[in-house]
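Everything below concerns the one structure shown next.
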Amino acid sequence: MQTIRLTTAQALIRFLNAQYIHVDGQEFPFVEGIFTIFGHGNVLGIGQALEQESGHLKVIQGKNEQGMAHAAIAYSKQMLRQKIYAVTTSVGPGAANLAAAAGTALSNNIPVLFLPGDTFATRQPDPVLQQIEQEYSAAITTNDALKPLSRYWDRITRPEQLMSSLLRAFEVMTDPAKAGPATICIAQDVEGEAYDYDVAFFARRVHYLDRKLPTMRELTGAAALIQSSRKPVIIVGGGAKYSQARDILIQLSEKHHIPLVETQAGKATVEYTFANNLGGIGITGTLAANQVARQADLVIGIGTRYTDFATSSKTAFDFENGQFLNINVSRAQAYKLDAFQMVADARTALEQLSPLLEGYVSEFGDQIQQFKAEWNQERDRLSKITFQRDNFKPEVSDQFDQQMLNEYADALQTELPQTTALIAINEVIPADSIIIGSAGSLPGDLQRIWNPTVANTYHLEYGYSCMGYEVSGALGIKLAVPDKEVYSIVGDGSFLMLHSELITAIQYNHKINIILFDNAGFGCINNLQMENGGDSYFCEFRTHDQRIMNIDYAKVAEGYGAKSYKVNTIEQLQAALKDVAQQSNSTLIEIKVLPKTMTNGYDSWWNVGVAEVSDNEKIHEVFEARQHQLKKAKQY
Numbered sequence: 002m003q004t005i006r007l008t009t010a011q012a013l014i015r016f017l018n019a020q021y022i023h024v025d026g027q028e029f030p031f032v033e034g035i036f037t038i039f040g041h042g043n044v045l046g047i048g049q050a051l052e053q054e055s056g057h058l059k060v061i062q063g064k065n066e067q068g069m070a071h072a073a074i075a076y077s078k079q080m081l082r083q084k085i086y087a088v089t090t091s092v093g094p095g096a097a098n099l100a101a102a103a104g105t106a107l108s109n110n111i112p113v114l115f116l117p118g119d120t121f122a123t124r125q126p127d128p129v130l131q132q133i134e135q136e137y138s139a140a141i142t143t144n145d146a147l148k149p150l151s152r153y154w155d156r157i158t159r160p161e162q163l164m165s166s167l168l169r170a171f172e173v174m175t176d177p178a179k180a181g182p183a184t185i186c187i188a189q190d191v192e193g194e195a196y197d198y199d200v201a202f203f204a205r206r207v208h209y210l211d212r213k214l215p216t217m218r219e220l221t222g223a224a225a226l227i228q229s230s231r232k233p234v235i236i237v238g239g240g241a242k243y244s245q246a247r248d249i250l251i252q253l254s255e256k257h258h259i260p261l262v263e264t265q266a267g268k269a270t271v272e273y274t275f276a277n278n279l280g281g282i283g284i285t286g287t288l289a290a291n292q293v294a295r296q297a298d299l300v301i302g303i304g305t306r307y308t309d310f311a312t313s314s315k316t317a318f319d320f321e322n323g324q325f326l327n328i329n330v331s332r333a334q335a336y337k338l339d340a341f342q343m344v345a346d347a348r349t350a351l352e353q354l355s356p357l358l359e360g361y362v363s364e365f366g367d368q369i370q371q372f373k374a375e376w377n378q379e380r381d382r383l384s385k386i387t388f389q390r391d392n393f394k395p396e397v398s399d400q401f402d403q404q405m406l407n408e409y410a411d412a413l414q415t416e417l418p419q420t421t422a423l424i425a426i427n428e429v430i431p432a433d434s435i436i437i438g439s440a441g442s443l444p445g446d447l448q449r450i451w452n453p454t455v456a457n458t459y460h461l462e463y464g465y466s467c468m469g470y471e472v473s474g475a476l477g478i479k480l481a482v483p484d485k486e487v488y489s490i491v492g493d494g495s496f497l498m499l500h501s502e503l504i505t506a507i508q509y510n511h512k513i514n515i516i517l518f519d520n521a522g523f524g525c526i527n528n529l530q531m532e533n534g535g536d537s538y539f540c541e542f543r544t545h546d547q548r549i550m551n552i553d554y555a556k557v558a559e560g561y562g563a564k565s566y567k568v569n570t571i572e573q574l575q576a577a578l579k580d581v582a583q584q585s586n587s588t589l590i591e592i593k594v595l596p597k598t599m600t601n602g603y604d605s606w607w608n609v610g611v612a613e614v615s616d617n618e619k620i621h622e623v624f625e626a627r628q629h630q631l632k633k634a635k636q637y
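Here's what the structure looks like:
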């Protein structure tokens, strides 16, 4: 056996350079690069190894561990999970900052490699700087917090352990059914410890992303269900997008007259201009999509997890008279809602199912186009809302009265509704631009009224809806598609939560565009609060003397080095967007918008915890209404 003497960290970097993935006949490196914030625990080990021999890996210096991890996650998501960035941090707080990002990757089934530093394997100098101590075990470190948030987790306390650990991590990350974050914590003394590694371990290794084929039993069973249905509907989930199932979805929908509805992860797998695409389903869905869902006697879920937002807390469908057919690479996901299971790759399954559906046509008739036309009229109304100081009905929260709206209009110096601004952006920016969102009221508006005309231009993180993903993720998307314009659609609450990677984008000249909707508060949660009987309580951004805060976000971005704009009319917004397209540097458009002017629910319900006992009669009424809805919801 031929060996080479390397430190554990040097062996890690050499291994990462040798990992390739094979997808549909194409072969390319799986690890594009590594995000890092160096500190004790990784700078002298992984840092030294990268400085000595980084290979093809692109090294990017992040500004916040959570932020750079979100950038890595967005990169992998935009690359349809076929390429990744690794992320390395110091021990202690640096590693702890990965927790929110790890949850984001796990919830969305996105492969990413986390490499946090750890304390000493020898324990000789314990407790070291930033080391936590637990009385029940000396083996516990900050990194144990990442165990439930990782698809694969390991701690390296000997150099030779690295080999088996890396092989297992890459097996998980390159398996579509298990894809998620892999965390390998390396003790800081072990990072620098040398070992005689087998040279063969560093040979080019190819991971095959083979498409799982359906069985004949699955195909004939699925075909029988569809052939016997009268009004089937297809839910396009994230798995359909990762499988690149656009063409076969269009073919089946057209030929058999089956409407398509979308989850947040599946949106823009098929562009909205396709006649049978009725848009988002569920709590943040369109009225058209929710109407066909209620009529469906067969729900065909393709690559979806059936979250509460997609199912309207399990009230979106006719569970008593309808059936479910699930196509998913994950057996656990395919089992949901008592469905007939087809455990297979989405595109391959649909292509093999197609010949078995010959002659079938649904009974929807002209209803699909009727529902879509009615929804397009509603969207047109939302695009033309104008504020009136003496007689204006907000889209949400009737309790938010005219006086409060006028107060916001004066404080923010704007009369611009959120839906009007968002649709204007949709109409102005280049059609092949990529938009990204994650949290607040904007994801609901985006799923309902953002109409992609080019496939795979819609990037929403709604598996975890992690505030702060929007700006960080924009950088990751730009790394994935450097020739496209990337727009982060973000609320002021999320921007304040985390926007540090805007600086990284400027530092490395990766242009991203931030469109910041400022309504001076956590507007989405304020809606939830008030629509469920409560008053507006600690969700608005007010000063100690109760004045509405008017923060100059444009000046913040300008201070970082971005080109910034302040707009509060549609004309100013359109002009700013046109100028943004001419810029080579990162930009930020600050839009002051009125609260309560986002879209509301359309034939949907969200099951949230409401106080059973309250001295507020409105809350009591909401609780009683919730009990009524629960009786209609499927219980498992």
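The numbering used here puts the sequence shown at residues 2 to 637. Backbone N, C-alpha and C define an ideal beta-carbon position, used for all residues, glycine too. It should be emphasised that the depicted structure is a prediction, and the values quoted were computed from it without experimental measurement.
Under the DSSP definition of a beta bridge, which residues are partnered with residue i?
i, result
"residue 36", "61 and 88"
"residue 182", "113"
"residue 629", "In DSSP, residue 629 forms no bridge with anything."
"residue 155", "185"
"residue 29", "22"
"residue 195", "8"
CB-CB under 8 Å to residue i, same chain, minus the five flanking residues each way: which ones, in chain order?
i, result
"residue 420", "383, 384, 386, 396, 446, 450, 598, 599 and 600"
"residue 638", "With the chain running from 2 to 637 in the structure shown, residue 638 is simply not present."
"residue 151", "103, 107, 115, 181, 182, 183 and 184"
"residue 207", "21, 22, 23 and 28"
"residue 139", "124 and 127"
Going by beta-carbon coordinates alone, are residue i and residue j separated by less than 8 Å?
i, j, result
"residue 1", "residue 458", "Coverage of the chain is limited to positions 2 through 637, which leaves residue 1 absent and any answer about it impossible."
"residue 181", "residue 98", "no"
"residue 304", "residue 281", "no"
"residue 479", "residue 513", "yes"
"residue 43", "residue 501", "no"
"residue 292", "residue 226", "no"
"residue 85", "residue 75", "no"
"residue 549", "residue 462", "no"
"residue 183", "residue 173", "yes"
"residue 13", "residue 34", "no"
"residue 627", "residue 611", "yes"
"residue 255", "residue 456", "no"
"residue 605", "residue 398", "no"
"residue 344", "residue 177", "no"
"residue 591", "residue 555", "yes"
"residue 354", "residue 220", "yes"
"residue 365", "residue 511", "no"
"residue 1", "residue 417", "Lying before the first or after the last residue shown, residue 1 is absent from the chain, which here runs from 2 to 637."
"residue 205", "residue 19", "yes"
"residue 454", "residue 199", "no"
"residue 63", "residue 10", "no"
Count the other C-beta atoms from every protein chain shown that fall within 10 angstroms of the C-beta of residue i, then say buried if there are 16 or more, exposed otherwise.
i, result
"residue 637", "exposed"
"residue 56", "exposed"
"residue 585", "exposed"
"residue 360", "exposed"
"residue 149", "exposed"
"residue 93", "buried"
"residue 1", "With the chain covering 2 to 637 only, the question about residue 1 has no answer from this structure."
"residue 277", "buried"
"residue 518", "buried"
"residue 392", "exposed"
"residue 51", "buried"
"residue 119", "buried"
"residue 234", "buried"
"residue 362", "exposed"
Can you list, in chain order, the residues of its chain whose CB lies under 6 Å from that of residue i, leaving out five sequence neighbours each side?
i, result
"residue 376", "287, 288 and 289"
"residue 39", "48"
"residue 80", "481"
"residue 423", "446"
So, is the C-beta of residue i closer than 8 Å to a C-beta in chain D?
i, result
"residue 242", "Note that chain D does not occur in the displayed structure, where there is just one protein chain."
Once the 5 residues before and after residue i are set aside, which same chain residues still bring their CB inside 7 Å of it?
i, result
"residue 667", "Because the chain in this structure spans residues 2 to 637, residue 667 falls outside the shown range and cannot be described."
"residue 307", "337 and 338"
"residue 557", "none"
Q: Indicate whether the contact test is met: 3 or more Cβ pairs, each with one atom in the stretch 235-253 and one in the stretch 425-437, closer than 8 Å.
A: no
Q. Is the stretch 156-171 close to the stretch 186-203, with three or more CB pairs under 8 Å?
A. They touch, by the three-pair rule.
**Q.** Segment contact flag, the stretch 535-546 with the stretch 561-574, C-beta cutoff 8 Å, min 3 pairs
**A.** Counting C-beta pairs closer than 8 Å gives fewer than three between the stretch 535-546 and the stretch 561-574, which falls short of the contact rule.
Q. Is it true that the stretch 221-236 meets the stretch 190-204, where meeting means three or more beta-carbon pairs spaced less than 8 Å apart?
A. no
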